[in-house]
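Residue numbers (our numbering): 38 to 148.
So, in structure tokens, the structure goes:
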């Protein structure tokens, strides 16, 4: 299952309809952490989250660094962020970009 984590519910619903995979939606990293057992890939909105989410974000980063979580970051098209050690896709999403990023994230986790 792909778990989309972020505020852009319209975009998440569009991905849910178009992607040939199970797609879950979490509004915050803390919700995502609770759903990790059923999740293959996490697509996390790369933004300034409230400080209450710091612990969950840290856990997601640690799991990704230990290659126990296939993590993809999501940014608004044109946004510039820090170079990431994980795949990055831009919103609005292009399904083929998400599929490619999912493959890369899963291969990275299995390596």
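Glycine included, every Cβ here is placed at the ideal spot set by N, Cα and C.
Computed from a predicted model, the values in this text were never measured in an experiment.
Cα separation between residue 44 and residue 60? As a position in the chain shown, residue 44 is number 7, starting the count at 1. As a position in the chain shown, residue 60 is number 23, starting the count at 1. Spanning the two alpha carbons is a distance of roughly 15 Å.
Alpha-carbon to alpha-carbon, residue 57 and residue 113: As a position in the chain shown, residue 113 is number 76, starting the count at 1. As a position in the chain shown, residue 57 is number 20, starting the count at 1. Cα-Cα distance, rounded: 23 Å.
Can you tell me the Cα-Cα spacing of residue 77 and residue 52, whole angstroms? Counting from 1 along the chain shown, the entry for residue 77 is found at position 40. Counting from 1 along the chain shown, the entry for residue 52 is found at position 15. C-alpha separation (whole angstroms): 16 Å.
So, at 7 Å on beta carbons, what are the nonlocal neighbours of residue 131 in its own chain, with the 5 sequence-adjacent residues on each side left out? Taking the chain shown and counting its residues from 1, one reaches residue 131 at position 94. Result list for residue 131: empty, nothing under 7 Å.
Sorted by chain position, which residues of the same chain lie with C-beta nearer than 7 Å to residue 94's C-beta, five sequence neighbours on each side aside? Along the chain shown, one-based indexing puts residue 94 at 57. 66, 86.
So who's on the other strand from residue 108, going by DSSP bridges? Locating residue 108 in the chain shown gives position 71, counting from the first residue. Its beta-bridge partners are 79.
Which of helix, strand or coil does DSSP assign to residue 113? In the chain shown, counting from the first residue as 1, residue 113 sits at position 76. Three-state result, residue 113: strand.
Excluding the five sequence neighbours on either side, which residues of its own chain have a C-beta within less than 7 Å of the C-beta of residue 100, listed in chain order? One-based indexing of the chain shown puts residue 100 at position 63. Answer for residue 100: 106, listed in chain order.
Please look up how many angstroms separate the CB atoms of residue 149 and residue 108, rounded, as I've assumed it's under 8 Å. Residue 149 lies beyond the stretch modelled for the chain, which goes from 38 to 148, so this question has no answer here.
Can we count residue 55 as close to the ligand NAD, meaning its CB is less than 6 Å from some heavy atom? Within the structure as shown, the ligand NAD is missing, as the structure has no ligands at all.
Could you please give the first and the last residue of the uninterrupted alpha helix (DSSP H) stretch that includes residue 44? By one-based count along the chain shown, residue 44 stands at place 7. Looking at the DSSP string, residue 44 is not in any alpha helix (DSSP H), and its letter there is neither H nor E.
For residue 128, write down the residues that DSSP places opposite it in a beta bridge. Residue mapping note: residue 128 aligns to position 91 of the chain shown, counting from 1. Residue 128 is bridged to 113.
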